[in-house]
Ligand code: UFG
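Numbering (my numbering), first residue to last: 27 to 368.
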């Protein structure tokens, strides 16, 4: 297939590009390089593999999008380009709505204009907010009441896509889509080529590894008074390669004009303290921690019921051991202590 990957130079997008190339697809990347890295694309074949092409540009700008859509007749768009920090979204909601909602709107306009009929959209489990009692583990029918602007931009995106697909159905030009509601993505590719390099970094796992590398003094635990077993937030940590497996399965199994939402998480919840302990075991570093206040926009507990994605897409995670997942990230971080600039 010819696949347009927006945000393909970012952490998750670059892992998707690597996998798509490996599967024999032709990949065109559109990325503004604000949080992505040209070096990530070079590591997986930019400049040497003629099935990989790239233009630098904003998904919010029609000119950049039109340039990208003119390159090839695309069979599918994987839309990763977005801002993805819950805490940052509370302080900068307009920036988040612009990047995430306007960006998606522009992509859909181009899908209409260029008659592209498939989309895999990066949604988020943060669209569920704090699930009501009895709804954890979370399944896809759980009510969606996001508690952060970030989560709301992703929920707005889902509605935008549904409405667009309905209009295309009525026009006799069926549009197929999958919403993948990611849980907490972590780990790095097992061949060691691709990593996670964000500036600023606010995600728990990379922060712990930066402490182990001596780049930070300690990790701050954001809240210890949550209604969870040890008082810290519980999340479902899914390996990035398993997440990409879900994208490929969704793209391959999509049927004309049909749409579906799938949660992507392994189905186990770990607290912040458990993640810190795991990082200590893996890195053999003390990783000092400090107990601080809650961070705005955080839900207390979120982990997945993976039943639907197993049943309908045949997905199951290959990485289920927490220490092993964190070890894949540690391997890249310790080999590249200054990220892609190493
Ligand atoms: N945390 C800390 N200290 C830190 C960083 C994080 O205690 O220095 C805590 C957070 O408060 C949260 C947990 O660790 O309870 C995980 O936080 P992350 O920032 O790593 O991830 P989030 O859960 O906020 O968000 C991530 C992605 C979102 C996705 C969401 C789904 O950034 O895109 O997972 O839960 F929607």
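Note that CB positions come from ideal geometry on N, CA and C, so glycine has one too.
What's the call for residue i, buried or exposed, on a 16-neighbour Cβ count within 10 Å?
i, result
"residue 144", "buried"
"residue 74", "exposed"
"residue 149", "buried"
"residue 267", "buried"
"residue 251", "exposed"
"residue 34", "buried"
"residue 81", "exposed"
"residue 178", "buried"
"residue 278", "exposed"
Using DSSP with H/G/I as helix, E/B as strand and the rest coil, what is residue i?
i, result
"residue 153", "helix"
"residue 260", "strand"
"residue 327", "strand"
"residue 280", "coil"
"residue 266", "helix"
"residue 230", "helix"
"residue 176", "helix"
"residue 100", "coil"
"residue 286", "strand"
"residue 171", "strand"
"residue 29", "strand"
Work out the CA separation of residue j and residue i for me, nearest whole Å.
i, j, result
"residue 243", "residue 96", "48 Å"
"residue 152", "residue 286", "17 Å"
"residue 167", "residue 368", "44 Å"
"residue 270", "residue 351", "15 Å"
"residue 60", "residue 132", "18 Å"
"residue 321", "residue 249", "7 Å"
"residue 358", "residue 48", "20 Å"
"residue 354", "residue 27", "29 Å"
Report whether the distance from the Cβ of residue i to the nearest heavy atom of the ligand UFG is below 7 Å.
i, result
"residue 229", "yes"
"residue 60", "no"
"residue 110", "yes"
"residue 63", "no"
"residue 265", "no"
Under 7 Å: does the beta carbon of residue i sit that close to some heavy atom of the ligand MG?
i, result
"residue 131", "In terms of ligand content, the structure shown lacks the ligand MG and carries the ligand UFG instead."
With 8 Å set as the bound, which would you pick, yes or no: does the beta-carbon of residue i sit closer than that to a beta-carbon of chain D?
i, result
"residue 148", "Absent here is chain D; the protein component of the structure consists of one chain."
Count Cβ pairs between the region 192–203 and the region 215–223 that sit closer than 8 Å; are there 3 or more? Contact between the region 192–203 and the region 215–223 is absent: fewer than three C-beta pairs spanning the two stretches fall below 8 Å.
Assess contact between the region 250–268 and the region 183–199, defined as three or more Cβ pairs (one per stretch) separated by less than 8 Å. Is contact present? no
Validate contact between the region 288–297 and the region 119–128 using beta carbons, cut 8 Å, 3 pairs: No: fewer than three Cβ pairs fall under 8 Å.
Pair every Cβ in the region 99–106 with every Cβ in the region 154–164, then say whether three or more of these pairs are closer than 8 Å. no
Three or more beta-carbon pairs under 8 Å between the region 330–343 and the region 292–307, yes or no? yes
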